[in-house]
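I have placed the structure first, in the form of structure tokens, so that the comments after it can refer back to it.
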Amino acid sequence: MSIISVNNLTKKFKTLTAVDGVSFSVNEGEVFGFLGPNGAGKTTTINILCTLHLPTGGEASIAGYDCVKRPDEVRSSIGLIFQDTTLDTGLTAYENLKFHAYLYNLDRKLTEKRIDEMLSVVELTNRKHDLIKNFSGGMKRRLEIARGLLHYPRVLFLDEPTLGLDPQTRNTIWDFITTLRKQEKITVFMTTHYMEEAENCDRIAIMDHGKIIALDTPENLKRLVHGDTIHLVTEDNEKACAEIAKTFDILCHAENGGLFIETEKGEEFIPRLIHSLSIQVKSVNLRKPTLNDVFLKLTGRTIRDDVLSDDKEVTREFVRSHRRAQR
Amino acid sequence: MIQFRPIYVICLREFKKFFREKSRLLGTLARPVLWLFVVGNGMNSLIRPQVGFSYLQFIFPGMIGMTILFSSIFSSISIVWDREFGFMKEMLVAPISRVSIVIGKAISGTFISVAQAVIIMVLIPFLGIHLTVLQFIEVVLVSILVSFCITSLGILIAARLTSFDGFNIIMNFLVMPMLFLSGAMYPVTSLPTALRYLTHVNPLTYGIDAFKHVLLRNSAPPLGPEFPLAVDLLVVTILAFIMIILAALSFRQKE
Numbered sequence: 001m002s003i004i005s006v007n008n009l010t011k012k013f014k015t016l017t018a019v020d021g022v023s024f025s026v027n028e029g030e031v032f033g034f035l036g037p038n039g040a041g042k043t044t045t046i047n048i049l050c051t052l053h054l055p056t057g058g059e060a061s062i063a064g065y066d067c068v069k070r071p072d073e074v075r076s077s078i079g080l081i082f083q084d085t086t087l088d089t090g091l092t093a094y095e096n097l098k099f100h101a102y103l104y105n106l107d108r109k110l111t112e113k114r115i116d117e118m119l120s121v122v123e124l125t126n127r128k129h130d131l132i133k134n135f136s137g138g139m140k141r142r143l144e145i146a147r148g149l150l151h152y153p154r155v156l157f158l159d160e161p162t163l164g165l166d167p168q169t170r171n172t173i174w175d176f177i178t179t180l181r182k183q184e185k186i187t188v189f190m191t192t193h194y195m196e197e198a199e200n201c202d203r204i205a206i207m208d209h210g211k212i213i214a215l216d217t218p219e220n221l222k223r224l225v226h227g228d229t230i231h232l233v234t235e236d237n238e239k240a241c242a243e244i245a246k247t248f249d250i251l252c253h254a255e256n257g258g259l260f261i262e263t264e265k266g267e268e269f270i271p272r273l274i275h276s277l278s279i280q281v282k283s284v285n286l287r288k289p290t291l292n293d294v295f296l297k298l299t300g301r302t303i304r305d306d307v308l309s310d311d312k313e314v315t316r317e318f319v320r321s322h323r324r325a326q327r
Numbered sequence: 328m329i330q331f332r333p334i335y336v337i338c339l340r341e342f343k344k345f346f347r348e349k350s351r352l353l354g355t356l357a358r359p360v361l362w363l364f365v366v367g368n369g370m371n372s373l374i375r376p377q378v379g380f381s382y383l384q385f386i387f388p389g390m391i392g393m394t395i396l397f398s399s400i401f402s403s404i405s406i407v408w409d410r411e412f413g414f415m416k417e418m419l420v421a422p423i424s425r426v427s428i429v430i431g432k433a434i435s436g437t438f439i440s441v442a443q444a445v446i447i448m449v450l451i452p453f454l455g456i457h458l459t460v461l462q463f464i465e466v467v468l469v470s471i472l473v474s475f476c477i478t479s480l481g482i483l484i485a486a487r488l489t490s491f492d493g494f495n496i497i498m499n500f501l502v503m504p505m506l507f508l509s510g511a512m513y514p515v516t517s518l519p520t521a522l523r524y525l526t527h528v529n530p531l532t533y534g535i536d537a538f539k540h541v542l543l544r545n546s547a548p549p550l551g552p553e554f555p556l557a558v559d560l561l562v563v564t565i566l567a568f569i570m571i572i573l574a575a576l577s578f579r580q581k582e
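Protein chains in written order, with my numbering: chain A, 1 to 327; chain B, 328 to 582.
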């Protein structure tokens, strides 16, 4: 049964089309990931789903409620963890959770029980009455997850849940999400531009320039990239590329001052490759397929390159400032 | 449309934060105290006591008005703060109406302003003003009305303000002119005609005029009240309604 269904969803900001005719559905109990570079339209899609933005066209519904026509029912069915923290730092952990319980009209007796329960899930019981000001980044995130789950949502949205956190905290957050999924019957919808995180999802939609360019399980997506990738740096990459094409009938892809060669059984191919080349090899690296390779294959770019690209940042700033202006 | 539990909890949050942030309370109280005891005393020696009361006593109703003005605007500007630090999102994605958020902010802002106005009245014994219990209650009632009106005005502005950069503009082009054109510090009847018109569209003028009715009961213009009390109360009430409705409307808009 699908709990989120999106059909031909479009969102335009003046001249920029942030979401361009996106369709997908998410099954109940699934961990569904949105993967893509910054400015791909992931957050905009989430904002439409959680009723913060109105779509320019298309439909979206959560738990059977239309996101435009029945926003209150949709809001009651979802929990949200945003990119930036939305806790009140001048209040304590308990006060933040209690505020949330009142907004979602939770039963009074249930509230206290539920707050204690959620605080113990995210291991913040002993910080219950401490001001958020004194919390670390990871603690804030955990508390936000606790708050997002407080009202028993059917879908939990996580927009870049581990952005700006150190790897150790990222792992802890992921352990929480995995445990939670076993404890609470909940669907998780997340966006990320970390490849390693996307691997944890049941299904992934890869988004670029407002469109979904692939949607499948991580395993199936990785099958799009045939075999392993060899990264080769030589004295003369161009010449090496020509030689490889001649000897093995394989096309290579030049990027970042090296050559990417796709092949089956890379570990066996490398000795043959080096033996056949007349050019001095500087370094060779074998990689098993990752989602980044899938993205590279589909778009010709790597996700990390996009993070550094200036025009993407401009797009992102444009969307952000526009959002601010509209609020 | 109007949900009471969210309104209650939004108010509770504002009160908690208000009493926790001692500097904010101190800041809003320091201003009228400074005016009363430093500027007031300075002017006192310049302006001879007229019609039975001193300059200090004359500006006291204005100081209550000033306290309310600053406190109310600051309370409503907290919306910009909430937005900047993300907390507004927590409210916007909750299953509550925008109207409830606006009313919650308006009520909490009103209570905080009235509380500060009451604290200012502690200074009364030092000013040589005799106040009856009835007068005290009247001041509180007028304070509620004026605070609600100005807080709603503040929310209306805050709903349109996209960042803190606009805050100084609001202070210099709205709050300060509102204060100077309200009759808080000097009688506005002697101002040039163009400025006189501005005093008439200033909600604070009517609020302070109502305070003068209560506190400077038996004095005639220019030092005493300018309009009849009924007019003052009516104007402030009508403006309060218009402001809160506009505030709620401006908050409802979304993309």
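Quick reminder that beta carbons are idealized off the backbone N, C-alpha and C, glycines included.
Per DSSP, the unbroken beta strand (DSSP E) holding residue 231 of chain A starts and ends at 228-234. Between residue 440 of chain B and residue 398 of chain B, the C-beta gap is smaller than 9 angstroms, which places the two residues in contact.
When secondary structure is reduced to three states using DSSP, residue 7 of chain A falls in the strand class. Residue 14 of chain A is bridged by DSSP to nothing; it lacks a bridge partner. Pairing residue 93 of chain A with residue 511 of chain B, the inter-Cα distance amounts to about 43 angstroms. Interface annotation for the segment 117-140 of chain A against chain B: empty, criterion Cβ-Cβ distance under 7 angstroms. For residue 262 of chain A, the three-state secondary structure derived from DSSP is strand. Under the Cβ criterion (8 angstroms, minimum of three pairs), the segment 52-71 of chain A does not count as touching the segment 222-232 of chain A. Taken atom to atom, the span from the alpha-carbon of residue 446 of chain B to that of residue 142 of chain A is near 41 angstroms.
Look at residue 78 of chain A: its C-beta is under 9 angstroms from a C-beta on chain B. A Cβ-Cβ contact shorter than 9 angstroms links residue 238 of chain A with residue 254 of chain A.
Contact between the segment 182-200 of chain A and the segment 124-139 of chain A is absent, with fewer than three C-beta pairs closer than 8 angstroms. Proximity to residue 423 of chain B across B/331, B/383 and B/546 peaks at B/331, based on C-alpha coordinates. Listed in chain order, the non-local C-beta contacts of residue 241 of chain A below 7 angstroms within the same chain comprise 252, 254 and 259, local neighbours out to five positions each way being set aside. Residue environment analysis places residue 132 of chain A among the buried positions, since at least 16 neighbouring C-beta atoms fall within 10 angstroms of its C-beta.
With a beta-carbon spacing of about 19 angstroms, residue 10 of chain A and residue 71 of chain A fall beyond the 8 angstroms limit used to define contacts. In this structure, the CA atom of residue 22 of chain A is about 57 angstroms from the CA atom of residue 467 of chain B. In the DSSP assignment, residue 211 of chain A is bridged to A/208.
Closest option to residue 44 of chain A, judged by alpha-carbon separation, among A/25, A/31, A/16 and A/29: A/16. Contact of residue 98 of chain A with chain B is assigned, a C-beta pair being separated by under 9 angstroms. Residue 359 of chain B does not reach chain A, its nearest Cβ partner there being about 25 angstroms away, counting only Cβ pairs nearer than 8 angstroms.
Contact check for residue 35 of chain A and residue 245 of chain A: beta-carbon distance about 32 angstroms, past the 8 angstroms limit, so the pair fails to qualify. If you draw a straight line from the Cα of residue 8 of chain A to the Cα of residue 18 of chain A, it is about 13 angstroms long.
Close CB contacts of residue 536 of chain B within its chain, under the 6 angstroms cut and outside five residues either way in sequence, are with 552, 553, 554 and 559 (chain order).
Listed in chain order, the non-local C-beta contacts of residue 265 of chain A below 8 angstroms within the same chain comprise 227 and 228, local neighbours out to five positions each way being set aside. Per the C-alpha coordinates, the member of A/115, A/173, A/119 and A/160 positioned closest to residue 83 of chain A is A/160. Scanning its chain for C-beta atoms nearer than 8 angstroms, with the 5 sequence neighbours on each side dropped, one finds around residue 257 of chain A the residues 233 and 237, in chain order. Of the residues B/562, B/356, B/474 and B/567, the one whose Cα lies closest to the Cα of residue 448 of chain B is B/356. With fewer than 16 other Cβ atoms inside 10 Å of its own Cβ, residue 275 of chain A counts as exposed.
Per the coordinates, the alpha-carbon of residue 414 of chain B lies some 11 angstroms from the alpha-carbon of residue 90 of chain A. Neighbours of residue 423 of chain B across chain A, judged by C-beta separation under 7 angstroms: 103. Within 8 angstroms of the CB of residue 418 of chain B, the CB atoms of chain A belong to 103, in sequence order along the chain. With distances taken between CA atoms, residue 111 of chain A lies nearest to A/99 out of A/122, A/99 and A/121.
Put simply, the CB of residue 336 of chain B is near chain A, with a gap under 9 angstroms to one of its CB atoms.
Judged by DSSP secondary structure, residue 252 of chain A falls within the beta strand (DSSP E) whose first and last residues are 252-255.
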